[in-house]
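In the numbering used here, the protein residues as written are 14 to 227.
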């Protein structure tokens, strides 16, 4: 960018700090682990301050443990950068874990662009339906994606479940409750409710996304 050397060095150090490599500034690549080398790549791509951060299968060559570590790091950066991120992957499970919205393409044409839950529960085309039919819904969808937004306090049990909880982690508790269960946000405020019948329907039959959850 034609910046003074001092400014470029300051920016580089900021990126090193951002990706958690402080203290390793003078290391050679061979002295870094696979995950650390991947962090260097992330730092380089962010150093130019892109308006849109484009990543093309950045974790595809990593072993499962390092890949999980880098996905966690990506989610952390996603929360602090406040940038639009375009992330290309052939791993649908990775897309479900990382994306706010997913575009499924076939032959260069977008078949569906939607929130992850809607893609799984409301596939727009037969291709998308087949693409997602083997996805274990209970392991990837959150309670918030299938909850009812309306709340009648008189019909709620005392149990509370988090809106961002993966269904599998709270399904057993919900299934033991005869009443609807309150769904709460990160601040503990009730934002919806869910009944055991919704869990059963989601696990064993078609289940539309609740109105207002999209």
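Where a beta carbon is used, it is the ideal one built from N, C-alpha and C, also for glycine.
For residue i, the three-state DSSP class (helix, strand or coil)
i: residue 220; result: Confidence in residue 220 is poor, its pLDDT being 45 and thus under 50, which makes the residue's placement unreliable; the coordinate value appears in the next sentence. Coil.
i: residue 170; result: strand
i: residue 124; result: strand
i: residue 226; result: Any reading at residue 226 is ruled out, since the residue's pLDDT is 43, under 50, leaving its predicted position unreliable.
i: residue 25; result: helix
i: residue 159; result: coil
i: residue 108; result: helix
i: residue 176; result: coil
i: residue 206; result: strand
i: residue 154; result: coil
i: residue 11; result: Summary: the structure shown does not reach residue 11, with the chain confined to residues 14 through 227, and so no result is reported for it.
Pair within 7 Å by beta-carbon distance, residue i and residue j
i: residue 4; j: residue 70; result: Since the first and last residues shown for the chain are 14 and 227, residue 4 lies out of range.
i: residue 156; j: residue 178; result: yes
i: residue 159; j: residue 211; result: yes
i: residue 59; j: residue 83; result: no
i: residue 194; j: residue 204; result: no
i: residue 142; j: residue 149; result: no
i: residue 154; j: residue 184; result: no
Supposed close pair residue i, residue j - CB separation, criterion 8 Å
i: residue 52; j: residue 34; result: 6 Å
i: residue 111; j: residue 100; result: 6 Å
i: residue 144; j: residue 115; result: Wrong, their Cβ atoms sit about 10 Å apart, outside the cutoff.
i: residue 192; j: residue 168; result: 6 Å
i: residue 161; j: residue 214; result: Actually they do not touch by this definition, with Cβ atoms about 12 Å apart.
i: residue 12; j: residue 47; result: Only positions 14 to 227 of the chain appear in this structure, which leaves residue 12 out of reach.
Extent of the continuous beta strand (DSSP E) to which residue i belongs
i: residue 100; result: 97–101
i: residue 196; result: 193–197
i: residue 33; result: Run containing residue 33: none; DSSP gives neither H nor E here.
i: residue 201; result: Residue 201 -> no beta strand (DSSP E), and no H or E assigned at all.
i: residue 67; result: 65–69
Residue span of the alpha helix (DSSP H) that contains residue i, given as start and end
i: residue 117; result: Premise fails: residue 117 lies in the beta strand (DSSP E), 115–119, not in any alpha helix (DSSP H).
i: residue 85; result: 77–94
i: residue 132; result: 129–134
i: residue 59; result: 47–60
i: residue 144; result: 139–145
Identity of the residue in the options nearest residue i by Cα
i: residue 199; options: 173, 118, 180; result: 173
i: residue 55; options: 150, 78, 94; result: 94
i: residue 49; options: 142, 190, 37; result: 37
i: residue 139; options: 152, 149, 148, 125; result: 125
i: residue 208; options: 141, 66, 171; result: 171
i: residue 147; options: 44, 217, 202, 128; result: 217
i: residue 88; options: 31, 17, 44; result: 31
i: residue 202; options: 190, 164, 73; result: 164
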